[in-house]
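Note sheet for the following structure.
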Amino acid sequence: MNFELLTQLVVNGLIVGLLYGVIGMCFVLVYKSTQIVNFAQGEFLLIGAWVCWASLIYLELPFFLGFLLSLLFMAAFGVLLQMIVLRPMIGEPIISVIMVTIGLSIFFQSLMKWIFGVSPQSYPQVFDTQSINILGLNVEMAYLMSTVIALIIMVAFYMFFKHSKHGLAMRATAFDQQASQSLGVSVKHVFAMSWGIAATVSATAGIVLGMVNGVSDSLSIMGIKVFPAVILGGLDSIVGAIVGGLIIGVLENVAEFFDSQYLHIGNMYDIAPFYVLLIILWFKPYGLFGTKDIERI
Amino acid sequence: MSSLSMRPCGDFRTSYKQDNTIFETSTIRWVTIFTIIALCFAPLVVDGYFITLLIQISYLGIAALGLNILVGYTGQISLGHGAFFGFGAFASAWLNTSLHIPVFLCIPLAGFLTMGVGMMFGAPAARIKGLYLAIATLASQFIIEDFFARAEWFSGGAAGSMADPVSLFGFAFDTDQSFYYVALFSLVFMFIWGCNLMRSRDGRAFVAVRDHYLSAEIMGVKLNKYRLLSFGISSFYAGIGGALYAHYLGYVSAEGFTIMMSIQFLAMIIIGGLGSIKGTLMGVIFMVFLPEVLESGVGVMKMTDWGNIPMVVDGLAYIKEMAIGLVIIGFLIFEPEGLAHRWAQIKNYWKFYPFAY
Chain A
6 MNFELLTQLV
16 VNGLIVGLLY
26 GVIGMCFVLV
36 YKSTQIVNFA
46 QGEFLLIGAW
56 VCWASLIYLE
66 LPFFLGFLLS
76 LLFMAAFGVL
86 LQMIVLRPMI
96 GEPIISVIMV
106 TIGLSIFFQS
116 LMKWIFGVSP
126 QSYPQVFDTQ
136 SINILGLNVE
146 MAYLMSTVIA
156 LIIMVAFYMF
166 FKHSKHGLAM
176 RATAFDQQAS
186 QSLGVSVKHV
196 FAMSWGIAAT
206 VSATAGIVLG
216 MVNGVSDSLS
226 IMGIKVFPAV
236 ILGGLDSIVG
246 AIVGGLIIGV
256 LENVAEFFDS
266 QYLHIGNMYD
276 IAPFYVLLII
286 LWFKPYGLFG
296 TKDIERI
Chain B
210 MSSLSMRPCG
220 DFRTSYKQDN
230 TIFETSTIRW
240 VTIFTIIALC
250 FAPLVVDGYF
260 ITLLIQISYL
270 GIAALGLNIL
280 VGYTGQISLG
290 HGAFFGFGAF
300 ASAWLNTSLH
310 IPVFLCIPLA
320 GFLTMGVGMM
330 FGAPAARIKG
340 LYLAIATLAS
350 QFIIEDFFAR
360 AEWFSGGAAG
370 SMADPVSLFG
380 FAFDTDQSFY
390 YVALFSLVFM
400 FIWGCNLMRS
410 RDGRAFVAVR
420 DHYLSAEIMG
430 VKLNKYRLLS
440 FGISSFYAGI
450 GGALYAHYLG
460 YVSAEGFTIM
470 MSIQFLAMII
480 IGGLGSIKGT
490 LMGVIFMVFL
500 PEVLESGVGV
510 MKMTDWGNIP
520 MVVDGLAYIK
530 EMAIGLVIIG
540 FLIFEPEGLA
550 HRWAQIKNYW
560 KFYPFAY
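Chains A and B supply the protein sequences, listed in that same order.
Numbered according to our numbering, the first sequence spans residues 6 to 302.
Numbered according to our numbering, the second sequence spans residues 210 to 566.
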C-alpha cells in the first residue's frame with residue numbers, strides 16, 4: 006500500500022473539501038434564508054471565474070484589482086438575479102423553484118460557452134513559485150492560497166452572522182420569517198443580500214479553482230458535486246456544509262486511490278460521492294446536522 | 210381543468226360514468242379521432258423531414274407522459290428521466306442482439322426492465338419527498354449514466370450498440386415513413402392507456418397523494434405503494450419511449466442520455482402543463498419545434514445584410530440551449546400552469562365572445 010500517495014491524496018482531498026465546504030455554505034445560506042434550492046450554484050463559480058479572467062486579459066488589470074472587480078460584479082449579479090427571477094417565485098411549489106434555478110443554470114452555462122468558448126483558459130501567472138514543500142508534502146501555491154481564502158471566508162461568515170446587524174437579521178429571517186418581518190426586518194433585503202453573498206463567495210471559489218485547473222465550463226460541475234456535501238451535512242446547517250465538504254473531498258480522493266490500486270472500476274472520483282449521497286438519503290435523509298421536518302396536520 | 214371547459218347547453222351529466230369520460234364533449238372526441246386519421250395520411254402529404262419530427266414527437270411524447278404521471282399527477286420530482294429513457298433504449302437493443310428476441314417484443318420487455326430499474330432507484334421515494342427526492346434522482350441519473358459508460362456487455366461501452374429496425378411478420382419498418390406508423394400507434398396506445406389510468410382508482414390515488422399525502426394516507430391510500438407504483442409506471446413509459454428511439458435510429462450511444470435530457474423532459478411537461486395529458490403533448494410539440502424555429506429564424510437572418518453576424522450564426526447550438534433555459538424560466542414566471550391552461554383560456558374567450566363576462 007502506497008502510504009505516501011495516500012497521504013498526498015488525503016491532503017488534496019482536504020484542500021478541495023474546504024472549497025466544497027465554502028460552496029456548500031453558500032448553498033445552505035440561500036436555502037436557509039430563502040427556501041430556494043440553487044441548482045445554478047455552479048454557474049456562479051463559472052461566471053465569476055470568467056469575469057475575472059476577462060478583466061485580467063482584456064482590461065489588463067493587476068490580479069487583485071480584477072479579483073475585486075469580479076467580486077463586485079457578482080454581488081450585483083446575485084442581487085439582480087434574486088430581484089428579477091426569483092422574487093416572483095416566492096410561494097410557488099418546490100418543483101417550480103427547482104426548475105427555475107435549473108433553467109438559470111442552463112441559460113448561463115451556454116451563455117458563457119457562447120461568449121468565451123469551450124476550451125479551457127488559464128490565468129496569467131500570479132505567484133512566482135509553483136509549489137512549496139510543507140512537511141515533506143508538495144503543496145501547490147494556488148492550493149495553499151485556496152485554503153487560506155477558504156478559511157478567511159469561513160471566519161468572515163462566522164463574524165458576520167454572530168456580530169453584525171445584517172447577519173442577525175438574516176438569522177432571524179431564517180428562524181421565523183413572519184416574526185422577523187413584524188419586528189422590522191426587511192425580508193426583501195435579506196433575500197437579496199443572501200443571494201449577493203452566495204454569488205460573491207462562490208465566485209471567489211470559482212476564481213481559486215480556475216487558477217488551479219484553468220477556467221472552463223467544467224467549473225459548473227462543482228455546483229452539482231456540492232449536493233453530496235450539503236446532504237451529508239444537513240441541508241440547513243452551515244457547519245454541516247463544511248464538515249460534509251471535507252468528508253466528500255477526502256472520500257472522493259480515497260475512493261480514487263483504492264480504485265486505481267485495487268479495484269480498477271474507473272471514474273470513481275466523480276461517481277463515488279453520488280453513491281454516498283444515495284446511501285445517506287436512504288438511512289439519514291436529514292444529514293448529520295440538519296433539522297428533521299416534522300409535519301403536523 | 211374539466212370545470213373550465215364549457216359543455217353545450219342541456220348536456221347534463223347524470224352518472225359518474227358520464228363524468229369520467231375521456232373526452233368531455235362529443236366535439237372533442239370527433240376532432241381527436243379525425244386528427245388521428247389525418248395523421249395516418251401524413252406520410253403521403255408532408256415531406257420526409259417533417260415525418261422525422263413527428264416520430265421524434267412520438268417517442269419523446271411517450272416518455273414525457275410518463276414523467277407527467279410521476280411529477281404532475283403524483284407530485285414526486287424526478288431529475289433522472291433521461292437516464293431511464295436511455296436505459297430503455299439500451300435494454301431493447303441488448304435484448305434484441307444478445308437474446309435474439311424479436312424487436313416488437315423487445316420494446317415492451319424493455320419497458321418492463323426499465324420499470325424494474327426505475328422502481329429500484331425510486332425506492333427512496335418511500336422515505337423522502339420533494340427536494341430530497343429531486344437530489345436522490347439526480348444521483349441516480351449520474352449513476353445510471355456511469356453504468357452506460359462502463360457496462361460493455363450491456364451498452365457496448367464507448368462504441369455504443371446497434372439496434373435492428375422493428376419488423377412484424379417479415380415486414381421491416383426500416384424507413385421513416387413506415388416507422389412513423391409504429392411510432393404513431395405506440396403514441397396513441399400509450400396516451401389512451403395514460404388517460405384510462407388517470408380515470409381509474411390508481412390514478413385518483415396518485416392525485417390524492419399529490420394534493421395532500423397525509424389526508425390520502427388517512428383515507429386508506431397506501432402511500433409507499435403508490436409512490437413506488439408511480440415511479441414504476443413513469444419508468445415504463447420512459448423505457449418504451451427509449452426503445453422506440455433505439456429502433457428508430459438503429460444505433461444507441463451513451464452520450465445522449467445526460468442530465469440535459471432529463472431537464473428537457475421536465476421542461477416539456479412544465480411548458481405543457483403539469484397534470485395534464487393534453488398538455489404533455491403540447492409541451493413536447495413546443496420543445497421539438499423550438500430549435501427548428503430558431504434554426505430557420507437564424508437562416509432567414511443570414512439572408513439579410515444586417516443579420517449575418519458570425520457570432521449568432523456560429524453560436525446557434527448555444528442559442529438553442531439558452532432558449533431552452535429562457536423558455537423554462539419564462540413559463541414558470543408568466544404561465545406556471547402551462548400551455549394547456551392557456552389553451553383552455555383561449556377556448557373560453559371565444560366561447561363567450563363578445564360577452565366576456
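Backbone N, C-alpha and C fix where the C-beta goes; we use that ideal spot for every residue, glycine too.
Checklist line | Where V213 of chain A sits in the DSSP three-state scheme | finding: helix
Next item on the list: State whether the segment 237-254 of chain B contacts the segment 388-405 of chain B, with contact taken as three or more CB pairs (one from each stretch) at a distance under 8 Å.
Entry: yes
Notebook entry, point to check: Is the Cβ-Cβ distance between G53 of chain A and G201 of chain A less than 8 Å?
Noted result: no
Item checked: C-alpha gap between Y128 of chain A and G219 of chain A, whole angstroms -> 7 Å
Notebook entry, point to check: Would you say N258 of chain A reaches chain B, if we count a Cβ-Cβ gap shorter than 8 Å as a contact?
Noted result: no
Checklist line | Bounding residues of the beta strand (DSSP E) (the contiguous stretch that carries S387 of chain B) | finding: It is not in any beta strand (DSSP E) - S387 of chain B instead sits in the alpha helix (DSSP H) that spans 385-408.
Next item on the list: Determine which residues share a DSSP beta bridge with S370 of chain B and list them.
Entry: B:V461
Check: Comparing the C-beta of E233 of chain B with each C-beta of chain A, is any distance below 8 Å?
Finding: no
Check: Considering only the beta carbon of each residue, do L304 of chain B and L288 of chain B sit closer than 8 Å?
Finding: no
Check: Which whole-angstrom value is the C-beta distance of L282 of chain A and F232 of chain A, which I expect to be below 8 Å?
Finding: 6 Å
Check: For G295 of chain A, which residues from the same chain have a beta carbon less than 8 Å from its beta carbon, with the 5 sequence-adjacent residues on both sides left out?
Finding: G238, G239, L240, D241, S242, G245
Item checked: Straight-line Cα distance separating L248 of chain B from G257 of chain B -> 14 Å
Margin query: In whole angstroms, give me the CA-to-CA distance for M175 of chain A and A45 of chain A.
Written below: 21 Å
Next item on the list: Could you round the C-beta distance between G18 of chain A and E257 of chain A to whole angstroms and report it? I think they count as a contact, below 8 Å.
Entry: 7 Å
Next item on the list: Verify the CB distance criterion: does R436 of chain B have a CB-CB separation below 8 Å to chain A?
Entry: no
Next item on the list: With 9 Å as the C-beta to C-beta threshold (strictly closer), list the residues of the segment 427-457 of chain B near chain A in chain order.
Entry: I427
Notebook entry, point to check: In three-state terms, what does DSSP make of E97 of chain A?
Noted result: coil
Check: If we call anything under 8 Å between Cβ atoms a contact, is I286 of chain B one with T346 of chain B?
Finding: yes
Next item on the list: Could you have a look at E145 of chain A and say whether DSSP puts it in helix, strand or coil?
Entry: strand
Check: Mind checking whether I480 of chain B and L438 of chain B have CB atoms under 8 Å apart?
Finding: no
Note to self: Quick check on S235 of chain B: buried or exposed, where buried means 16 or more other Cβ atoms within 10 Å of its Cβ?
What the structure shows: exposed
Notebook entry, point to check: If we count the other Cβ atoms within 10 Å of its Cβ and call it buried at 16 or more, is M216 of chain A buried or exposed?
Noted result: buried
Item checked: Within 8 Å of chain A by C-beta, residues of the segment 344-370 of chain B in sequence order -> I344, A345, L347, A348, S349, F351, I352, D355, A358, R359
Check: For the candidate residues B:F221, B:K487, B:L475, whose alpha-carbon lies nearest to that of I237 of chain B?
Finding: B:K487
Checklist line | Contact set between L279 of chain B and chain A, taken where Cβ atoms lie within less than 7 Å | finding: Near L279 of chain B there are no residues of chain A at all, since even the closest Cβ is about 11 Å away, more than 7 Å.
Item checked: Members of the segment 62-96 of chain A near chain B, C-beta cut-off 8 Å -> V90, P93, M94
Notebook entry, point to check: Which residues in chain B sit within 7 Å of N17 of chain A, going by Cβ to Cβ distance?
Noted result: Within 7 Å Cβ-Cβ: nothing; N17 of chain A doesn't reach chain B, min ~22 Å.
Margin query: With a threshold of 8 Å between beta carbons, is I107 of chain A in contact with chain B?
Written below: yes
Next item on the list: Report yes if the C-beta distance between Y268 of chain B and Y460 of chain B is below 8 Å; otherwise report no.
Entry: no
Next item on the list: Give the straight-line distance between the Cα atoms of V375 of chain B and F294 of chain B, rounded to the nearest whole angstrom.
Entry: 18 Å
Item checked: Minimum C-alpha distance to A358 of chain B - residue among A:V21, A:D275, A:D298, A:I20 -> A:D275
Checklist line | Continuous alpha helix (DSSP H) assignments of at least 4 residues falling wholly in the segment 463-499 of chain B | finding: 468-481
Check: Quick one: any contact between the segment 558-565 of chain B and the segment 525-539 of chain B, if contact means 3 or more CB pairs under 8 Å?
Finding: no
Next item on the list: Note down, one range per segment and in chain order, each alpha helix (DSSP H) of at least 4 residues found wholly within the segment 33-78 of chain A.
Entry: 46-62
Check: From F49 of chain A to S75 of chain A, what distance separates their C-alpha atoms?
Finding: 11 Å
Checklist line | chain A contacts made by the segment 531-545 of chain B, where a contact means CB separation under 7 Å | finding: M531, I533, G534, L535, I537, I538, L541, I542, P545
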